[in-house]
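Here the structure comes first, spelled out in structure tokens, and everything after it is commentary.
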Amino acid sequence: KYTTVIGALNKGGHVDQAFILLGELIDSYCESKLERYKPDSRCFHIVLSAFSRSKGNRSAGGKAEQLLRQMWRLCDSDPGSDLRPTQWTYNTVIFCYQNVGDPNSAEK
358 KYTTVIGALN KGGHVDQAFI LLGELIDSYC ESKLERYKPD SRCFHIVLSA FSRSKGNRSA
418 GGKAEQLLRQ MWRLCDSDPG SDLRPTQWTY NTVIFCYQNV GDPNSAEK
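Residues in the sequence shown are numbered consecutively from 358, following our numbering.
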């Protein structure tokens with residue numbers, strides 16, 4: 358399953374590659390609607406969590422917000438999915454912006 362690969366990339370310190378793979382999964386699912394490409398909330402949470410721990414990564418906040426938007430897009434197209442963002446999801450995205458080092462970025 359893709360969750361395992363994304364988790365392994367994350368554990369290996371390759372969060373940007375995990376982000377890219379998740380993006381490719383999302384694109385493949387949106388184009389084909391095949392369940393085997395459908396990412397679950399765990400895939401998103403693994404990458405979001407990794408971004409929240411990456412201090413000084415200036416793109417972490419923007420990428421986390423992009424994942425949040427993609428979660429909503431997938432959730433809107435499949436109301437029965439487990440992809441509805443939770444309070445944890447929003448808090449993690451805010452934390453990603455805070456870690457950038459710009460005190461005003463979390464207000465975005």
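We put the CB at the ideal spot given by N, CA and C, even for glycine.
Per DSSP, T361 is one residue of the alpha helix (DSSP H) stretching across Y359 to K368.
If only uninterrupted beta strand (DSSP E) runs of at least 3 residues are considered, none is enclosed by the stretch 368 to 449. Taking the Cα positions, I451 is about 21 Å away from I377.
Counting only the Cα atoms, G380 lies some 13 Å from V362.
The beta carbon of T360 sits closer than 6 Å to those of R399 and C400, all from its chain and outside the five residues before and after it, given in chain order. Excluding sequence positions up to five before and after L440, its CB lies within less than 6 Å of the CB of S398, M428, L431 and C432, all in the same chain and listed in chain order.
Taking C-beta atoms under 8 Å as the contact rule, V404 and L425 fail to qualify, at a distance of about 11 Å. Distance from T449 to S409 at the Cβ level is roughly 5 Å; contact confirmed, criterion being Cβ atoms closer than 8 Å. One thing to note: L366 has its Cβ within 8 Å of the Cβ of Q374.
Minimum Cα-Cα distance from A417 among the listed residues G370, G369 and C453 corresponds to C453. Note that the C-beta distance between V457 and R415 is below 8 Å.
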